[in-house]
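Enquirer: Shown below is the structure under consideration.
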Amino acid sequence: MAGHAMYEWVYIAAVVAILIWVGAASWDVERIIEEVPADAETIKVIGQQWFWSFEHADGTKEVNELHVQQDKPYRFEITSLDVNHAFNVPDWTLMIDAVPGRINTLWNMFTEDGEYLIQCREYCGFSHYNMKAKLFVEPAVTEAAAESEPSAATTTTTPPAQQQQSATQEQQPSSNATSAAAGGNATSAAAGGVTLTILDGASIQGNPDYDPDELTVKKGDKITVNNADTMPHTVTNGESGSDPTSGKLFDTSIINGGDSGEIDTATVDAGAHPYYCMVHPYMTGSLTVE
Ligand SMILES: [Cu+2]
Numbered sequence: 000m001a002g003h004a005m006y007e008w009v010y011i012a013a014v015v016a017i018l019i020w021v022g023a024a025s026w027d028v029e030r031i032i033e034e035v036p037a038d039a040e041t042i043k044v045i046g047q048q049w050f051w052s053f054e055h056a057d058g059t060k061e062v063n064e065l066h067v068q069q070d071k072p073y074r075f076e077i078t079s080l081d082v083n084h085a086f087n088v089p090d091w092t093l094m095i096d097a098v099p100g101r102i103n104t105l106w107n108m109f110t111e112d113g114e115y116l117i118q119c120r121e122y123c124g125f126s127h128y129n130m131k132a133k134l135f136v137e138p139a140v141t142e143a144a145a146e147s148e149p150s151a152a153t154t155t156t157t158p159p160a161q162q163q164q165s166a167t168q169e170q171q172p173s174s175n176a177t178s179a180a181a182g183g184n185a186t187s188a189a190a191g192g193v194t195l196t197i198l199d200g201a202s203i204q205g206n207p208d209y210d211p212d213e214l215t216v217k218k219g220d221k222i223t224v225n226n227a228d229t230m231p232h233t234v235t236n237g238e239s240g241s242d243p244t245s246g247k248l249f250d251t252s253i254i255n256g257g258d259s260g261e262i263d264t265a266t267v268d269a270g271a272h273p274y275y276c277m278v279h280p281y282m283t284g285s286l287t288v289e
């Protein structure tokens, strides 16, 4: 009997020890999270059914793709616009809830370049399993490294955000209006009154999405994009997200359900340009600028 009582005490002591250890470990985790480096750059992370969008400190936005620099600290501010999601980068053991009306933060420095998976780890509805994004960690010459090695050639890599911006501003007057006669239905309305509608139900694959699917306008026309659906969509030039020119000619960025956006064709080269929705890449259409 006495022996049994002693075993109980050993058992209780072991449980208490484990609880103390777990408590200490979680306290440690919290401490690490709190110590965000002062030079950490903030990236806003927004979860929505069923995609991720990101906003960099300079205002550059990305959808389902996030470009960061290696060896640079980032502070993530994570939230949701609808239901609960969870922002998870498994390879970097990053995981935190994305909750509507709340901003959760965590920080990380990506010490190895490469392409990594971002996913949702909180069941959030129909397309939860496709709520994935790509994280690109780009190798970079840090400012510190550049300063400590002034002899090294100035190969400072432009941050991806800036690359995107400058690419948007670039004009390529080289491609001429040779493909304008590709047979697009001339739907150009009276001056300045061109409308592209994203139809209700467009987010469901197989449904009619853009109306008209093939739009022809005169260079300089402003196109009003009305999202008549309840889901967020984009009109982004390119065949898909892997198209290197994607979003460089025109991109409405996210237009939430019921909202509208605009495409100014003054900066778009003449010719036929395929476009798609960054959230639902199976939504495609074509814009011909004459
Ligand atoms: Cu869409």
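Quick note on numbering: numbering that gives the first Met the number 0 labels position 242 of the sequence shown as 241, and the sequence is numbered without any gaps.
All residues carry an ideal CB built from backbone N, CA and C; glycine is no exception.
Computed from a predicted structure; not experimentally measured.
(1) State whether the stretch 53-71 contacts the stretch 93-100, with contact taken as three or more CB pairs (one from each stretch) at a distance under 8 Å.
(2) Return the CA-CA distance between L116 and E54, expressed in angstroms with no decimal places.
(3) If you measure from the CB of A201, is any heavy atom of ligand 1 nearer than 8 Å?
(4) Give me the residue from N129, T215 and L18 with the minimum Cα distance to E289.
(5) For S252, report the span of its beta strand (DSSP E) as first-last.
(6) Distance, Cα to Cα, E76 vs D199?
(7) Name the DSSP beta bridge partners of T194, please?
(8) Rounded to whole angstroms, what's the CA-CA distance from A23 to A39? Just pull it up for me.
(9) What residues in its chain sit with their C-beta under 7 Å from that of V15, if we drop five residues either side in the sequence?
(10) What are the partner residues of K293, as DSSP defines its beta bridges?
(11) Please report how far the alpha carbon of M282 lies from the alpha carbon of Q204, in whole angstroms.
(12) Near M108, what residues of its chain come up, given a Cβ to Cβ distance below 6 Å and the 5 sequence neighbours on each side ignored?
(13) Are the beta-carbon atoms belonging to L286 and A271 less than 9 Å from one another?
(14) Compute the distance between the beta-carbons of N226 and G192, then report whether it is under 9 Å.
(15) For the beta strand (DSSP E) holding Y275, just list the boundary residues, first then last.
(16) Grab me the residues of G260's own chain with a C-beta within less than 6 Å of its C-beta, minus the 5 sequence neighbours each way, in chain order.
(17) Note the first and the last residue of the continuous beta strand (DSSP E) segment covering T104.
(18) Going along the chain, which residues of its own chain have a beta-carbon closer than 7 Å to the beta-carbon of V278, five neighbours each way excluded?
(19) Please classify G240: does DSSP put it in a helix, a strand, or coil?
(20) Looking only at its own chain, which residues have a Cβ that is under 7 Å from the Cβ of D228, when we skip the five neighbours before and after it?
(21) So, are the CB atoms of G237 and Y275 less than 9 Å apart?
(22) Can you give me the Cβ contacts of V267 inside the same chain, cut-off strictly under 6 Å, excluding the 5 residues immediately before and after it?
(23) In or out: S241 buried (at least 16 other Cβ within 10 Å) or exposed?
(24) Across which residues does DSSP place G284 in a beta bridge pair?
(25) Using 8 Å as the cut-off, classify the Cβ of T196 as near or not near the heavy atoms of ligand 1, replying yes or no.
(26) Looking only at its own chain, which residues have a Cβ that is under 8 Å from the Cβ of S239, when we skip the five neighbours before and after it?
(27) Note down the Cα distance separating R101 from V88, rounded to an integer number of angstroms.
(28) Between the Cα of K217 and those of T235, P207 and D263, spot the shortest distance and give me the residue it belongs to.
Expert: According to the structure shown:
(1) no
(2) Taking the first residue of the sequence shown as position 1, residue 116 is located at position 117. Taking the first residue of the sequence shown as position 1, residue 54 is located at position 55. Rounded to the nearest angstrom, the two C-alpha atoms are 18 Å apart.
(3) Counted from its first residue, the sequence shown places residue 201 at position 202. A201: yes, Cβ under 8 Å from ligand 1.
(4) The sequence position of residue 289 within the sequence shown is 290, counting from 1. It is T215.
(5) Taking the first residue of the sequence shown as position 1, residue 252 is located at position 253. Taken as a continuous stretch (DSSP letters only), S252 belongs to no beta strand (DSSP E), as it is neither H nor E.
(6) Position 77 of the sequence shown, counted from the first residue, corresponds to residue 76. Position 200 of the sequence shown, counted from the first residue, corresponds to residue 199. Answer to the nearest angstrom: the Cα atoms are 31 Å apart.
(7) Taking the first residue of the sequence shown as 1, we reach residue 194 at position 195. Answer by DSSP bridge pairing, in chain order: T223.
(8) The count along the sequence shown starts at 1 and reaches residue 23 at position 24. The count along the sequence shown starts at 1 and reaches residue 39 at position 40. Near 26 Å, if we compare the C-alpha coordinates of A39 and A23.
(9) By 1-based counting over the sequence shown, the position of residue 15 is 16. Excluding the 5 residues flanking it on each side, V15 has no same chain C-beta neighbour closer than 7 Å.
(10) There is no way to answer for residue 293, as the model of the chain reaches only from 0 to 289.
(11) Taking the sequence shown and counting its residues from 1, the one referred to as residue 282 is at position 283. Taking the sequence shown and counting its residues from 1, the one referred to as residue 204 is at position 205. Separation of M282 and Q204 (C-alpha to C-alpha, rounded to the nearest whole angstrom) is 8 Å.
(12) Taking the sequence shown and counting its residues from 1, one reaches residue 108 at position 109. Closer than 6 Å at the Cβ level, and outside the excluded window around M108, lie P72.
(13) As a first step, residue 286 must be located in the sequence shown, where it is residue number 287. As a first step, residue 271 must be located in the sequence shown, where it is residue number 272. Closer than 9 Å, so yes.
(14) Translated into positions along the sequence shown, residue 226 becomes position 227. Translated into positions along the sequence shown, residue 192 becomes position 193. It is not a contact, given that the beta carbons lie outside the stated cut-off.
(15) Here residue 275 is taken as the residue at index 276 of the sequence shown, counted from 1. Y275 -> beta strand (DSSP E) spans G270 to Y275.
(16) Translated into positions along the sequence shown, residue 260 becomes position 261. Answer for G260: V224, T251 and I254, listed in chain order.
(17) Along the sequence shown, one-based indexing puts residue 104 at 105. Its beta strand (DSSP E) spans residues N103 to M108.
(18) Residue mapping note: residue 278 aligns to position 279 of the sequence shown, counting from 1. Excluding residues within five positions, the ones whose Cβ falls inside 7 Å are F50, V62, P231, H232 and T233.
(19) As a position in the sequence shown, residue 240 is number 241, starting the count at 1. Of the three classes helix, strand and coil, the one that applies to G240 here is coil, per DSSP.
(20) For the purposes of this step, residue 228 is taken as the residue at position 229 of the sequence shown. Same-chain partners within the cutoff: I197, L198, D199, G200, A201, S202 and G256.
(21) Position 238 of the sequence shown holds residue 237. Position 276 of the sequence shown holds residue 275. The answer is yes: Cβ separation under 9 Å.
(22) The residue given as residue 267 occupies position 268 in the sequence shown. Cβ neighbours of V267 beyond the five flanking positions: L248, F249 and V288.
(23) Locating residue 241 in the sequence shown gives position 242, counting from the first residue. Around the beta carbon of S241, a 10 Å sphere encloses fewer than 16 other beta carbons of the protein chains shown; the residue is thus reported as exposed.
(24) Against the sequence shown, residue 284 aligns to sequence position 285. BP columns for G284 point to Y274.
(25) Numbered from its first residue, the sequence shown carries residue 196 at position 197. Checking every heavy atom of ligand 1 against the Cβ of T196, none is found closer than 8 Å.
(26) Residue 239 sits at position 240 when you count from the first residue of the sequence shown. If we look at S239 and ignore the five residues flanking it on each side, its Cβ neighbours are S245, Y275 and P280.
(27) For the purposes of this step, residue 101 is taken as residue 102 along the sequence shown, with counting starting at 1. For the purposes of this step, residue 88 is taken as residue 89 along the sequence shown, with counting starting at 1. For R101 and V88, the distance between alpha carbons rounds to 20 Å.
(28) For the purposes of this step, residue 217 is taken as the residue at position 218 of the sequence shown. Minimum Cα distance to K217 is reached at D263.
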